[in-house]
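Below is one structure; the comments refer to it alone.
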Amino acid sequence: MAHDTTQHHESATKRIWIVFAILSVVTIVEVILGIIKPEFLTDTYLLGMRLLNWIFIILTIYKAYYIAWAFMHLEHETKGLRRSIVWTGIFLVCYLIFILLTEGGYIYDVYKSGHVAWDF
Amino acid sequence: MEATVVRTGTEGKTWGGGNEPLKSSYGKMMMWFFILSDALTFSGFLAAYGFSRFKFIDSWPIADEVFNHFPFLHGVDAPMYYVALMTFILIFSSVTMVLAVDAGHHMKKGKVTIYMFLTIIGGAIFVGSQAWEWKNFISGEYGAVTTKGGNVLQFIDGEGERVALSEIAVPIAGTRVEHESNNGIWFDAGQDLPTYSLDEVKAGFIQNEDLLIRTQMLTEDGEKTILSREESLMKLNHDAIGTVEGANLVQNEYGAPLFADFFFFITGFHGFHVLSGVIINIIIFFNVIIGTYERRGSYEMVEKVGLYWHFVDLVWVFVFTFFYLV
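Line by line, the protein sequences give chains L and H. For the first sequence, the working numbering assigns the number 1 to the initial residue and increments by one for each residue that follows. For the second sequence, the working numbering assigns the number 121 to the initial residue and increments by one for each residue that follows.
Right, here's the structure in full:
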């Protein structure tokens, strides 16, 4: 991105440091939560998963957003390029996750309720 | 976009990069193509990890118990501190990379050089850390006993602290010796003898009344199931077939061997990306020093390698979450 004036330049580096601060804080929060594992978060389930795990995943996507938008300059690309990159990825990843996790859960049920012993 | 125009002799050639569809140069566009396909490869790996984990949802190893080492802190339980440090190093090297790209936009050769150098150092430290992490995982810490069904049994004392095989086993005069090539004409390969045989572990377990067995099954609270003394003895006498120390592609003292397989494969694939990123960064670094981009009038090459480097960081953010946190 061409910045012709020094003022623009300063704001670009400032943005980089702000994003670094955000990424650091989020990582620290993740690590602290991972070490403490607050009981009310591990005992609460939402859509079949612990609330704590949902928090981890949402924070991860939040970090991924900043890396892609600020560091990889997606925010300065044209809408067309940005959308073709982001939505292709999101669509295929969601599909993969849905199909594989459903199948994994099904096999778990088969192992559990089937007539074959696995723990011997 | 004046600053990012490339002059590579392809101006006007549609398929050689003379055009700029979506206002993005040919090289950058191709880098995005590559990144997207690589992202899907990693997604495939991580989704396959999720598949296997869901398959063994009630017996998957607990990451905090596996990765709890920190350099110079021996025997201290430090879950995740080291991997958090590694994450910081990688994020910081991403920051220096984006600063190099930014300096490149302003044609400041000196600054680009310094930031590229810092990025390379950060990447090298990260790869080294990953190697150390692998070393700890491969050599293991406490060791375990394997069962006929392919599960592991770990040992704990009365206080619930883990006990290593070395503390349990009582030496029994060896009945088996390692088969070596000088002892047989048809020698192909001999199986290594374990450090502690199952009989030695059994004997030690019977002597020490305090010891209990922990199976890999998880309780409601996500803790490993602890058997009573009678159940432990039963299990050890009926099901155990061998000992295991550390992890490899076939055995894993922490639980499901699939966990080890995926760990080696995914972090290995990511580490390979970091390694190739460092090598590409070094090439670009020397190009910056000899003034290639100064003469070309644009530092777009730094931007392209930067895209790749940030992508490696992006992947690590997900690997960190799914291997260490969730």
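We put the CB at the ideal spot given by N, CA and C, even for glycine.
Item	Value
Cross-chain neighbours of H/TRP252 in chain L, by beta carbon under 7 Å	Those within 7 Å of H/TRP252 in chain L number zero; the least Cβ separation is about 18 Å.
The segment 352-359 of chain H touching the segment 218-234 of chain H, judged by at least three CB pairs closer than 8 Å	no
Local conformation of H/LYS133 per DSSP, three classes	coil
Beta-carbon spacing of H/LEU332, L/GLY89 below 8 Å	no
Any 3 or more C-beta pairs closer than 8 Å across the segment 378-396 of chain H and the segment 278-289 of chain H	no
C-alpha gap between H/SER179 and H/PHE405, whole angstroms	47 Å
Of the listed residues L/ILE32, L/TRP69, L/ILE28, nearest to L/ALA12 (C-alpha basis)	L/TRP69
Alpha-carbon to alpha-carbon, H/PHE438 and L/TYR108	24 Å
Integer Cβ distance of L/ALA64 from H/LEU434, believed to fall under 8 Å	6 Å
Three-state secondary structure assigned by DSSP to H/GLN311	coil
Through-space distance from H/ILE403 to H/GLY230, alpha-carbon basis	16 Å
Separation of L/THR78 from H/MET121, as counted between CA atoms	Low confidence applies here, because H/MET121 scores a pLDDT of 44, under 50, leaving its location unreliable and the question unanswered by this model.
Extent of the continuous alpha helix (DSSP H) run through H/ALA244	229-259
Distance between H/SER144 and H/ALA198 (C-alpha atoms, nearest Å)	46 Å
Three CB pairs or more closer than 8 Å across the segment 18-37 of chain L and the segment 230-240 of chain H	no
H/VAL398 versus H/TRP152 - alpha carbon distance	19 Å
Cβ neighbour criterion (16 or more within 10 Å) applied to H/GLY270	exposed
Secondary structure of L/ALA68, DSSP reduced to three states	helix
Sufficient close CB pairs (3 or more, under 8 Å) joining the segment 314-327 of chain H to the segment 158-167 of chain H	no
Neighbour list for L/GLU10 in chain H, Cβ cutoff strictly below 9 Å	Correct list: empty, because the minimum Cβ distance to chain H is about 11 Å.
is_contact[L/LEU47, chain H] using C-beta, thresh 8 Å	no
Chain-ordered chain H contacts of L/GLU75 [CB-CB under 7 Å]	Near L/GLU75 there are no residues of chain H at all, since even the closest Cβ is about 12 Å away, more than 7 Å.
Nearest residue (CA-CA) to H/SER172, options L/ASP43, L/TYR106, L/ILE57, L/ILE67	L/TYR106
Residues of the segment 60-93 of chain L whose Cβ lies closer than 7 Å to any Cβ of chain H, in chain order	THR60, LYS63, ALA64, ILE67, ALA68, PHE71, MET72, GLU77, THR78, GLY80, LEU81, ILE85, THR88, GLY89, LEU92, VAL93
DSSP state of H/ASN303 mapped onto helix, strand, coil	helix
Contact set for H/LEU369: own chain, Cβ-Cβ below 8 Å, skip 5 residues either direction	PRO377, ALA380, ASP381, PHE384
One or two residues paired with H/LYS344 in a DSSP bridge	H/LEU338
Candidates H/LYS175, H/ILE182, H/GLY248, H/MET227, of which the one nearest H/TYR419 by Cα	H/MET227
Distance CB(H/ILE346)-CB(H/ILE288) smaller than 8 Å	no
L/GLY34 at chain H interface by Cβ criterion, 8 Å	yes
Check whether L/PHE56 and H/LEU445 have beta carbons under 8 Å apart	yes
Check whether H/GLY375 and L/THR42 have beta carbons under 8 Å apart	no
Contact with chain H by L/ILE22, beta-carbon distance below 8 Å	no
Residue closest to H/THR335, alpha-carbon to alpha-carbon, out of H/TYR146, H/PRO181, H/LYS148, H/MET150	H/PRO181
Spatial distance of H/TYR413 from H/MET421 (CA atoms)	8 Å
Endpoints, the beta strand (DSSP E) within which H/THR267 is located	264-267
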